[in-house]
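Written below as structure tokens is the structure these notes are about.
Residue numbers (our numbering): -12 to 389.
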């Protein structure tokens, strides 16, 4: 009887340990780290959508470039789609975790019921034999001292087993209560995530309809769009020619100065190396922005089989009068006004150049040395055109900005 009771308890304890091991297989710190990463990703997407919404509202109020509004709406749809994907994945993980907790709780409750039944059996047995005279007779009926000692040890262990099992039941009851609370909290969190997912999915469907409606509206304005495109091509061509002319002149001027001044040449080499070493680490020229046109050539957002002019840089949408900042230490070399691009500022960083266009107000002067993050000017029409050159070779800013 003694061996049977001990084996049952041992088996139950081993089962309980096996039950708890899976939940402890991943360190709590690692679990929390993964949760924080997911939360940050969702938060960043929500902030991006909020920024795009503010940009769309501003564009609508001022009735600016409708193509820009369409680009923003499409950006929002894409961001909302990524957010839904994140929420869907998060919700699926939450459901799996909830199911695992519910199954663990059910196993805990079954284990507790088994322990209680076993404990009840022990108590009933002890109750039936509660007359102490029986225990003394059991001891004194021993045929030898050795047998008597063994019987005494058995009775002692029997009593200890009852006490230990009672303590184990109390402990397991506490663990079960904690597990119930955790499961309930997890259930509430899962329901909240489900509501958030449903809300975003509904909004995503509305955004898609808004995008389709504006697309259809603009498709009816073929004549105006073609005229705007022809104008944009002329402006882009003039800008590219002017940039190439300025860069060629500045490089020639720098080479001439460096040939006469070794110290100046060493400074330029040092600055160039520092700039090159920061590839992929440069700060963006705006604090809050939405990329509305990438580097390179892209199809027209509305006109079929028509391409936009090749973009030598990147276009960022931001609030009107947002401060535009230098992405690295350098010297202001040119400040010019180009039709369609308003005020433009060219900054030299050794053999590298950055170009900031569509500024309404300029805060620097030609020849001024500026540091990373220095305000160059402010936006005039909610769009910043930014270019980055290595000598006379245009670069994709995406590869340089962090």
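For every residue, glycine included, the Cβ atom is placed at its ideal position computed from N, Cα and C. These numbers were taken from a predicted model, which means no experiment stands behind them.
*Using beta-carbon positions only, say whether residue 280 and residue 329 come within less than 7 Å of one another.*
The count along the chain shown starts at 1 and reaches residue 280 at position 293. The count along the chain shown starts at 1 and reaches residue 329 at position 342. Going by C-beta atoms, residue 280 is not nearer than 7 Å to residue 329.
_Is residue 163 close to chain C? Criterion is C-beta to C-beta, closer than 7 Å._
Judged by its chain identifiers, the structure shown contains no chain C, having just a single protein chain.
*Who are the Cβ neighbours of residue 177 in its own chain at under 7 Å, not counting the five residues just before and after it?*
Counted from its first residue, the chain shown places residue 177 at position 190. The answer, listed in chain order, is 81, 82, 85.
*Can you tell which of 312, 336, 326, 385 has the C-alpha that lies nearest to the C-alpha of residue 349?*
For the purposes of this step, residue 349 is identified with residue 362 of the chain shown, where counting begins at 1. Just measuring C-alpha positions, the residue of 312, 336, 326, 385 sitting nearest residue 349 is 312.
_At the level of alpha carbons, what is the spacing between residue 13 and residue 155?_
For the purposes of this step, residue 13 is taken as the residue at position 26 of the chain shown. For the purposes of this step, residue 155 is taken as the residue at position 168 of the chain shown. Confidence at residue 13 is low in this model, with a pLDDT of 46, below 50, so its placement is unreliable and the value that follows should be read with caution. Residue 13 and residue 155 have their C-alpha atoms some 26 Å from each other.
*asked:* According to DSSP, is residue 362 part of a helix, a strand, or is it coil?
replied: The count along the chain shown starts at 1 and reaches residue 362 at position 375. Look at residue 362 here: in three-state DSSP terms it is strand.
*Between residue 262 and residue 340, is the Cβ-Cβ spacing less than 7 Å?*
Sequence index remark: in the chain shown, residue 262 carries index 275 (1-based). Sequence index remark: in the chain shown, residue 340 carries index 353 (1-based). Contact: no.
*Give the single residue among 342, 355, 69, 55 whose Cα lies nearest to the Cα of residue 370.*
As a working mapping, residue 370 is identified with position 383 in the chain shown. Of the residues 342, 355, 69, 55, the one whose Cα lies closest to the Cα of residue 370 is 55.
*Can you tell me the Cα-Cα spacing of residue 78 and residue 66, whole angstroms?*
By 1-based counting over the chain shown, the position of residue 78 is 91. By 1-based counting over the chain shown, the position of residue 66 is 79. Cα-Cα distance, rounded: 18 Å.
*How is residue 262 classed by DSSP in three states: helix, strand or coil?*
Here residue 262 refers to the residue found at position 275 of the chain shown. In the displayed model, residue 262 falls within a helix according to three-state DSSP.
*asked:* Using a Cβ-based criterion (distance less than 6 Å to any ligand heavy atom), does residue 289 qualify as near the ligand PLP?
replied: Among the components of this structure there are no ligands whatsoever, and the ligand PLP is therefore not found.
_Buried or exposed, going by whether 16 or more other CB atoms sit within 10 Å of the CB of residue 300?_
Within the chain shown, numbered from 1, the residue matching residue 300 stands at position 313. Residue 300 is buried by the Cβ-count criterion.
_If contact is defined by three or more beta carbon pairs under 8 Å, each pair taking one atom from either stretch, is the region 203 to 216 in contact with the region 98 to 109?_
Because the criterion of three Cβ pairs below 8 Å is not met, the region 98 to 109 and the region 203 to 216 do not touch.
*Hey, would you say residue 321 sits closer than 7 Å to residue 233, going by beta carbons?*
For the purposes of this step, residue 321 is taken as residue 334 along the chain shown, with counting starting at 1. For the purposes of this step, residue 233 is taken as residue 246 along the chain shown, with counting starting at 1. Cβ atoms of residue 321 and residue 233: closer than 7 Å.
*Who are the near neighbours of residue 197 in its chain, counting only those whose CB is closer than 7 Å to its CB and skipping five residues on each side?*
The sequence position of residue 197 within the chain shown is 210, counting from 1. The answer, listed in chain order, is 60.
_Looking at residue 187: is its Cβ nearer than 7 Å to the Cβ of residue 71?_
As a position in the chain shown, residue 187 is number 200, starting the count at 1. As a position in the chain shown, residue 71 is number 84, starting the count at 1. The answer is yes: Cβ separation under 7 Å.
*Buried or exposed: residue 274, going by 16 or more other Cβ atoms within 10 Å of its Cβ?*
Stepping through the chain shown from its first residue, residue 274 is reached at position 287. Flag for residue 274 reads exposed.
*Span of the alpha helix (DSSP H) holding residue 367?*
Indexing the chain shown from 1 puts residue 367 at position 380. No alpha helix (DSSP H) holds residue 367; DSSP gives it neither H nor E.
*With burial defined as no fewer than 16 other Cβ atoms inside 10 Å of the residue's Cβ, what is the status of residue 267: buried or exposed?*
Counted from its first residue, the chain shown places residue 267 at position 280. Looking at its Cβ environment, which holds fewer than 16 other Cβ atoms inside 10 Å, residue 267 is exposed.
*Who are the near neighbours of residue 319 in its chain, counting only those whose CB is closer than 6 Å to its CB and skipping five residues on each side?*
Along the chain shown, read from residue 1 onward, the residue named residue 319 stands at position 332. Closer than 6 Å at the Cβ level, and outside the excluded window around residue 319, lie 334, 351, 353, 355.
*asked:* List, from N- to C-terminal side, the beta strand (DSSP E) runs of 3 residues or more that fit wholly inside the region 310 to 369.
replied: Runs found: 310 to 312, 317 to 325, 329 to 336, 339 to 349, 362 to 366.
*asked:* Just to confirm before moving on: does the CB-CB distance between residue 382 and residue 388 stay below 7 Å?
replied: Here residue 382 refers to the residue found at position 395 of the chain shown. Here residue 388 refers to the residue found at position 401 of the chain shown. Cβ distance not < 7 Å, so residue 382 and residue 388 don't count as in contact.
*With distances taken from CA atoms, which of 282, 357, 185, 288 is nearest residue 199?*
Walking along the chain shown from the start, residue 199 turns up at place 212. For residue 199, the closest C-alpha among the options 282, 357, 185, 288 is that of 288.
_Could you give the first and the last residue of the continuous alpha helix (DSSP H) run that contains residue 227?_
Here residue 227 is taken as the residue at index 240 of the chain shown, counted from 1. First-last of the alpha helix (DSSP H) with residue 227: 209 to 247.
*For the beta strand (DSSP E) that residue 381 lies in, which residues bound it at each end?*
Within the chain shown, residue 381 is the residue found at index 394, counting from 1. Start and end: 380 to 382.
*Where do the ends of the beta strand (DSSP E) carrying residue 303 lie?*
On the chain shown, position 316 is the one that residue 303 refers to. Per DSSP, residue 303 belongs to the beta strand (DSSP E) from 300 to 304.
*asked:* Going by DSSP in three states, residue 269 sits in which element: helix, strand or coil?
replied: Position 282 of the chain shown, counted from the start, is the residue given in the question as residue 269. Reduced to three states, the DSSP call for residue 269 is strand.
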